[in-house]
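Trainee: Residue numbers (this note's numbering), protein chains in the order written: chain L, 1 to 503; chain P, 504 to 1011; chain A, 1012 to 1175. We put the CB at the ideal spot given by N, CA and C, even for glycine. Just passing along the structure, written as structure tokens.
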């Protein structure tokens, strides 16, 4: 009987299993190469592709938990798995094309294994329904990202980044562990459904619960770099190799959001009794007296405002993108305040869109640093005329991040603000939109330097190989197309809102 | 084709802009010829539209409606009525004229410039034709991008400051509008039975919303339009943007972009929230009058010709705001024709400033004097345009201003004719600043020797300016050609306002 | 107060006091040794909780293994011992206030919360069997994932420490 259950679980755990095997294969294969090699990169891609294939096979499995209520296989985790694999895939390609990594004297062996481990961690973060499992998943993804951030051992910036990341990560995960223990102390279980059942049946001390939630938020907030747990972000983003920065800004963040959403919705809602409102929508009910959406609202506003305001003063493109990604996390958190399927699907839509535009922005930054050897925005004067394709794509990503219509970013923002306004949070929407205006200032500052100022000194055209252009277009075109035909994406997001146990 | 003429109007320039990117760099002449050919085709299309338009109907015509976003009921919904028809004609006329007039001013990055111009034209037409709020919003914002680059790449000394200011100001307003759009559609959902951003549907229910909610939506919509118009005190972006933009940019900015604001006020603020507009008519009129007088006073103090023309826009747009606040058929008709007039005469003024700037590379009034003897053709045509802008009877400005003043004088919505009376001061002041400028630049002895050898207008420049002069006289002599087309639509707007006043006030 | 409680408090005090020394001592060797007592104290508490296997593991791994490694590390990097490790107190007042508030909050919740206390259950002589069974059934997945986490940690440490 038990064996049967484990085997059954295993049959729904292929993507994760494949990723684990990929890690081992990469480590093993690398033993045979003395020099730098791309083989492990190709293995990583093959592993990701296989995992993607098996993830696709899961599309029609009814939502359920496996391994004795440890992880869920449901549309919600499916969405994040697709997102994480896509992002992992692109990051491997970025790594191939980054001069920064190519020119480093280090072998690449651990790099790809760690990348896959981070993706695996993200998978588990998105699907855990048990706090123990959640914590392990978080640690898996954190540990691999610490090492990745310090991948350039000889660079002081990179080492500093890794150290900062470890310290902040350690403190946050410690706080989170304390939060988990408080919740366990109150509810006597680590299972999210059991917690939810206990909370809806028994009166509990809400202050203790709120403290526990705050402590948990330290862990989530650190992963998604929300204020006030964002301090590591700029330094780590600046110091890490660029593909790693891109990975942290998308994969890590997406997984953090997945965990946050699942934890709050499953553990802190009357999971058993979703009610149906007049519009036929399912409504999640918050525990009476427990004002966590308000807490999230405050954090969201603080996050986007701080991110945007500080980003204005940045001259380093990576630091600027770091603050911009903090601000973007703020927008996504805004949608979470709504606590309705509409809000969650808006978040998911935004995340999917964010994947393309943010990875695109980082890829463009990689290419700029490859060819122009600079990360300083002031030194990018006039490069729009030297490499038009690159800079026009960068313009698309920047405009999309700021939410100009006809780009995917607009659709993301549109859905988020629709959800907010739909639920009466008009002032929150206005604050969010005012933030977009602020963000526009620094995004167009980049465009200004690229296009409006004549190049000085060398003005020759700088072109790229076909591979670079293809990848750039592969990111830029979806950013525009998703701004016009976004039906399938939003449908997918709406479908994915079904979290196991909550429909 | 005739059924889809509106789509053609929008997408012809946008799609035909793409080949420009593949022209060989340096083939400037070919690029210019190509662009002007495209804009002329668009102009011809709009003339076909003019003749196909049935002036007796007040409904939207040539309607195209395709579902764009299913779950939100957002449509690709286009239609034209008398109000938008005139603005379309203005837009499609101004583009070829401008391109011809500034033929040689753009010497760097020609390809990109003309590419952006065509994109700009398409999206401007899109703004005037969209009947779905989200579609409208999309075009509204799309305009920012070409305009940003046009000012930023080909602009003057302080272009960075001007572009950023222009961009952030407009963006601030338009994002508030986005909130209002979603809020409105959302609030209307139970009334209509579905979430939709279809203007014609929303218009039917928006008047029944609680007045305080209407007020906020009105303010959010209004703010973004007020910034675009620009109404006092949101006008500070305008002089910077105008002064720094290249001539073509200034002309299009003044002639068409500012009309987006007044068009928005007329179509959406009045159309969706008639009653709130009535409630706010007096403050709006006051802002309009302040704009008229303040703008005019600033003009008198200007030493730079382009700045002077820019501030005169603030003053003239004030009249249109006053006209809308008056909300009678005459005043709104006057406002509408004044939108066209302002586009023609201020556009032409900018062109003339551009002509002289191309020759002397200075815009300081003090650098000139006595040009009449040196460049007689320029002087005479410039005088006509100045007089048109002042409002000399027989030219277009007079018709518009007269209708506005007459219409708002007796307007029941303003309760008082003081605004109209103050508005007339603006006309007097406009005569002062324009004629004074004309005198300093054109008349008197030639003091600056550098002006001796300034060549007169060449054939190309004269040809480019003739269509504008033609319409200046045409509207001045026989405005009915245009007024008759818009009358039914304007009447309908006013009837809606009156009906709303009656019905709703009975309810409350 | 019965014997059980007395023993509990002895271990608790041992744990907390030595943890305090770990944090407050200015000499890193003292800190390392104090950590030894913290681990031992925790092991004692595990014993009191009837968690015999975990107590032994705690002793073997933490006290026996990790502690020794740590002390080796400290000793071998002799430079560290000579360096004056300055742990200055910065912004003492705000820190005190924050600490006071947080601890007051924690203590008050500790007292006021109704914790979910499990009823005592009779245990067999040892818990090893049960733990073993659970690790291979209910906690199979966390167990396996923990091994991957450790693998990654090992790889990462090896990578960072290696002289290339």
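Can you give the beta carbon distance from residue 592 of chain P to residue 553 of chain P, rounded, assuming they're within the 8 Å contact cut?
Mentor: Here residue 592 of chain P corresponds to residue number 89 of the second chain, with the count starting at 1. Here residue 553 of chain P corresponds to residue number 50 of the second chain, with the count starting at 1. Going by Cβ atoms, the distance from residue 592 of chain P to residue 553 of chain P rounds to 6 Å, so yes, they are a contact pair.
Trainee: Taking 7 Å as the CB-CB cut-off, is residue 1127 of chain A touching chain L?
Mentor: Working through the third chain from its first residue, we reach residue 1127 of chain A at position 116. Taking Cβ atoms only, chain L reaches closer than 7 Å to residue 1127 of chain A, which makes this a yes.
Trainee: Hey, could you find the ends of the beta strand (DSSP E) residue 568 of chain P is sitting in?
Mentor: Residue mapping note: residue 568 of chain P aligns to position 65 of the second chain, counting from 1. First-last of the beta strand (DSSP E) with residue 568 of chain P: 564 to 572.
Trainee: Pop quiz: residue 255 of chain L and residue 44 of chain L are said to be a contact at Cβ under 8 Å. What is the actual Cβ separation, rounded to whole angstroms?
Mentor: Taking the first chain and counting its residues from 1, one reaches residue 255 of chain L at position 255. Taking the first chain and counting its residues from 1, one reaches residue 44 of chain L at position 44. Actually they do not touch by this definition, with Cβ atoms about 18 Å apart.
Trainee: Residue 1167 of chain A by DSSP, collapsed to three states: which one?
Mentor: Working through the third chain from its first residue, we reach residue 1167 of chain A at position 156. If DSSP states are grouped into helix, strand and coil, residue 1167 of chain A belongs with the helices.
Trainee: Find the residues of chain P that neighbour residue 422 of chain L, judging by a C-beta separation of less than 7 Å, and give them in chain order.
Mentor: Position 422 of the first chain, counted from the start, is the residue given in the question as residue 422 of chain L. Within 7 Å Cβ-Cβ: 689.
Trainee: Do the segment 300 to 320 of chain L and the segment 227 to 242 of chain L make contact, defined as three or more Cβ pairs closer than 8 Å?
Mentor: yes
Trainee: Strictly under 7 Å for the Cβ-Cβ distance: is residue 388 of chain L near chain P by that measure?
Mentor: Position 388 of the first chain, counting from 1, holds the residue named residue 388 of chain L. No, residue 388 of chain L does not count as interfacial toward chain P.
Trainee: Can you list, in chain order, the residues of its chain with a C-beta nearer than 8 Å to that of residue 65 of chain L? Leave out the 5 residues immediately preceding and following it.
Mentor: Numbered from 1 along the first chain, position 65 holds the residue referred to as residue 65 of chain L. Once the five neighbours on either side are set aside, the close Cβ partners of residue 65 of chain L are 71, 72, 73, 129, 500.
Trainee: Does the CB of residue 280 of chain L have a neighbour CB from chain P at under 7 Å?
Mentor: The residue given as residue 280 of chain L occupies position 280 in the first chain. Annotation note: pLDDT 41 at residue 280 of chain L (below 50); position unreliable, coordinate value reported separately. No, residue 280 of chain L does not count as interfacial toward chain P.
Trainee: For a cutoff of 7 Å on Cβ pairs, would you count residue 1080 of chain A as touching chain L?
Mentor: Residue numbering aside, residue 1080 of chain A sits at position 69 when the third chain is read from its first letter. Interface with chain L (7 Å Cβ-Cβ cutoff): residue 1080 of chain A is excluded.
Trainee: Rounded to a whole number of angstroms, what is the C-alpha to C-alpha distance between residue 406 of chain L and residue 486 of chain L?
Mentor: The sequence position of residue 406 of chain L within the first chain is 406, counting from 1. The sequence position of residue 486 of chain L within the first chain is 486, counting from 1. When rounded, the distance between both Cα atoms is 11 Å.
Trainee: Run through DSSP, which three-state label would residue 710 of chain P get?
Mentor: Looking up residue 710 of chain P in the second chain gives position 207. Note: residue 710 of chain P maps to coil in three-state DSSP.
Trainee: Leaving out five residues before and five after residue 837 of chain P in sequence, what residues of the same chain have Cβ atoms less than 6 Å from its Cβ?
Mentor: Working through the second chain from its first residue, we reach residue 837 of chain P at position 334. 826, 903, 906, 907, 910, listed in sequence order.
Trainee: Find the nearest neighbour of residue 60 of chain L within the set L:176, L:76, L:446, L:417, judged by alpha-carbon distance.
Mentor: Reading the first chain from its first residue, position 60 is the one you call residue 60 of chain L. Of the candidates L:176, L:76, L:446, L:417, the one whose C-alpha sits nearest the C-alpha of residue 60 of chain L is L:76.
Trainee: Should the segment 739 to 746 of chain P be called in touch with the segment 567 to 585 of chain P, which here means at least 3 C-beta pairs below 8 Å?
Mentor: In short, these stretches do not touch, since the Cβ pair count stays below three.
Trainee: Spell out whether any CB of chain L is found under 7 Å from the CB atom of residue 1149 of chain A.
Mentor: If you number the third chain from 1, residue 1149 of chain A lands on position 138. Interface residue, yes.
Trainee: Between the segment 207 to 222 of chain L and chain A, which residues of the former have a C-beta closer than 8 Å to a C-beta of the latter?
Mentor: Interface annotation for the segment 207 to 222 of chain L against chain A: 207, 208, 211, criterion Cβ-Cβ distance under 8 Å.
Trainee: Have a look at the DSSP bridge pairing and note the partners of residue 867 of chain P.
Mentor: Translated into positions along the second chain, residue 867 of chain P becomes position 364. According to DSSP, residue 867 of chain P bridges with P:807.
Trainee: Does the beta carbon of residue 1170 of chain A come closer than 7 Å to any beta carbon on chain L?
Mentor: Taking the third chain and counting its residues from 1, the one referred to as residue 1170 of chain A is at position 159. Yes, its Cβ sits closer than 7 Å to a Cβ of chain L.
Trainee: Which residues does DSSP pair with residue 166 of chain L in a beta bridge?
Mentor: Translated into positions along the first chain, residue 166 of chain L becomes position 166. None, per the DSSP bridge assignment.
Trainee: Start and end of the alpha helix (DSSP H) containing residue 1141 of chain A?
Mentor: Residue mapping note: residue 1141 of chain A aligns to position 130 of the third chain, counting from 1. Residues 1139 to 1147.
Trainee: If you run the structure through DSSP and keep just helix, strand and coil, what is residue 64 of chain L?
Mentor: Locating residue 64 of chain L in the first chain gives position 64, where the first residue counts as 1. Residue state, collapsed to three classes: strand.
Trainee: Name, going along the chain, the residues of the segment 438 to 461 of chain L whose beta-carbon falls closer than 7 Å to a beta-carbon of chain P.
Mentor: 440, 441, 444, 448, 451, 452
Trainee: In this structure, how does DSSP classify residue 1122 of chain A when only helix, strand and coil are distinguished?
Mentor: Here residue 1122 of chain A refers to the residue found at position 111 when the third chain is read from its first residue. It is helical.
Trainee: Distance check for residue 931 of chain P and residue 810 of chain P, CA to CA, integer angstroms please.
Mentor: The count along the second chain starts at 1 and reaches residue 810 of chain P at position 307. The count along the second chain starts at 1 and reaches residue 931 of chain P at position 428. Distance between the alpha carbons of residue 810 of chain P and residue 931 of chain P: 19 Å.
Trainee: Check the Cβ-Cβ distances between residue 674 of chain P and every residue of chain L, and say whether any is below 7 Å.
Mentor: In the second chain, the residue the question calls residue 674 of chain P occupies position 171. Chain L, which has a Cβ nearer than 7 Å to the Cβ of residue 674 of chain P, makes this yes.
Trainee: Kindly list, in the order they appear in chain L, the residues whose Cβ is closer than 7 Å to that of residue 1120 of chain A.
Mentor: As a first step, residue 1120 of chain A is located in the third chain; it is residue number 109 there, counting from the start. Correct list: 205, 207, 208, 211.
Trainee: When DSSP labels each residue in this structure, what does residue 936 of chain P get in the three-state scheme?
Mentor: The residue labelled residue 936 of chain P in the question sits at position 433 within the second chain. In this structure, residue 936 of chain P counts as helix in the three-state DSSP scheme.
Trainee: Going by other Cβ atoms of all chains shown within 10 Å of its Cβ, with 16 needed for buried, is residue 564 of chain P buried or exposed?
Mentor: Within the second chain, numbered from 1, the residue matching residue 564 of chain P stands at position 61. Around the Cβ of residue 564 of chain P, a 10 Å sphere holds 16 or more other Cβ atoms; the residue is buried.
Trainee: Could you compute how far the alpha carbon of residue 1104 of chain A sits from the alpha carbon of residue 1037 of chain A?
Mentor: Position 93 of the third chain holds residue 1104 of chain A. Position 26 of the third chain holds residue 1037 of chain A. Their Cα atoms are separated by approximately 21 Å.
Trainee: State the DSSP-derived secondary structure class of residue 582 of chain P, mapped to helix, strand or coil.
Mentor: In the second chain, counting from the first residue as 1, residue 582 of chain P sits at position 79. Strand.
Trainee: Candidates P:854, P:797, P:665: which alpha carbon is nearest residue 602 of chain P's?
Mentor: Within the second chain, the letter at position 99 stands for residue 602 of chain P. Residue P:854 is the option with its Cα nearest to residue 602 of chain P.
Trainee: Applying the criterion that 16 or more other CB atoms from any shown protein chain within 10 Å of the CB defines a buried residue, is residue 439 of chain L buried or exposed?
Mentor: On the first chain, position 439 is the one that residue 439 of chain L refers to. Buried: at least 16 other Cβ atoms inside 10 Å.
Trainee: To the nearest whole angstrom, what separates the beta carbons of residue 85 of chain L and residue 55 of chain L, a pair I think is in contact under 8 Å?
Mentor: Stepping through the first chain from its first residue, residue 85 of chain L is reached at position 85. Stepping through the first chain from its first residue, residue 55 of chain L is reached at position 55. Rounded, the Cβ-Cβ distance is 7 Å, consistent with contact.
Trainee: Determine the chain A residues that contact residue 7 of chain L at a beta-carbon separation under 8 Å, and present them in chain order.
Mentor: Taking the first residue of the first chain as position 1, residue 7 of chain L is located at position 7. Here the premise fails: no neighbours, minimum Cβ distance about 11 Å.
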